[in-house]
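**Student:**
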Amino acid sequence: MVQQLTDTEFKDALSKHERVIVKYYADWCGSCKLFAPKFRRLSEQEEFGDVAFLDINAETNPDARKMAGVDNLPFFATFRHGELVEGAATAREENVVAMLERLRS
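For the sequence shown, the numbering used here begins at 1 and goes up steadily by one.
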């Protein structure tokens, strides 16, 4: 399941979950919209059950955006114990899967 969060909720989620992946998007971003069902499907896969999947609107949540250094959309960032592990602007599912696998290792 993918949770849609705001700046305030984001900080709480980082403290609650050991492993987190975030998709940063904007309502006008076509690639973001196209990736949404893939991100949802990944969140439902058993192998990633120990990872919290979060959606953050990059335009309305500047604090969360700054924490990951978002420079393009869609942008994905992984966090472990509240600390940024890596971030990348990509619309390729295999890149996001690779980020998830590194987060879990």
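C-beta: ideal position from N, C-alpha, C; glycine also.
Candidates Asn72, Glu18 and Lys23: which alpha carbon is nearest Gln4's?
**Tutor:** Stepping through the sequence shown from its first residue, residue 4 is reached at position 4. It is Lys23 whose Cα lies nearest to the Cα of Gln4.
**Student:** Taking Lys33 as the reference, which of Met99, Pro74, His81 and Ala88 has the closest Cα?
**Tutor:** Taking the first residue of the sequence shown as position 1, residue 33 is located at position 33. The candidate whose alpha carbon is nearest that of Lys33 is Pro74.
**Student:** Can you list, in chain order, the residues of its chain whose CB lies under 7 Å from that of Ala64, leaving out five sequence neighbours each side?
**Tutor:** Here residue 64 refers to the residue found at position 64 of the sequence shown. Excluding residues within five positions, the ones whose Cβ falls inside 7 Å are Asp7, Phe10 and Ile56.
**Student:** What residue range is occupied by the uninterrupted alpha helix (DSSP H) comprising Asn95?
**Tutor:** Mapped onto the sequence shown, residue 95 falls at position 95. Note, Asn95: alpha helix (DSSP H), Glu93 to Arg104.
**Student:** Which first and last residues belong to the beta strand (DSSP E) in which Glu128 is found?
**Tutor:** Residue 128 is absent from the structure shown; the chain starts at 1 and stops at 105.
**Student:** Given a threshold of 16 other Cβ atoms within 10 Å of its Cβ, counted over all protein chains shown, does His81 qualify as buried or as exposed?
**Tutor:** Locating residue 81 in the sequence shown gives position 81, where the first residue counts as 1. With fewer than 16 other Cβ atoms within 10 Å, it is exposed.
**Student:** Below 8 Å on the Cβ atoms is my contact criterion, and I expect Val2 with Phe35 to pass it. Report the Cβ-Cβ distance as a whole number of Å.
**Tutor:** By 1-based counting over the sequence shown, the position of residue 2 is 2. By 1-based counting over the sequence shown, the position of residue 35 is 35. Not quite, the Cβ-Cβ distance comes to about 11 Å (not below 8 Å), so this is no contact.
**Student:** If I follow the unbroken beta strand (DSSP E) through Leu73, where does it start and stop?
**Tutor:** The residue labelled residue 73 in the question sits at position 73 within the sequence shown. No beta strand (DSSP E) holds Leu73; DSSP gives it neither H nor E.
**Student:** Arg19 and Ala58: beta carbons closer than 8 Å?
**Tutor:** What you label residue 19 is simply residue 19 of the sequence shown in a count that begins at 1. What you label residue 58 is simply residue 58 of the sequence shown in a count that begins at 1. No, these two residues do not count as a Cβ contact at 8 Å.
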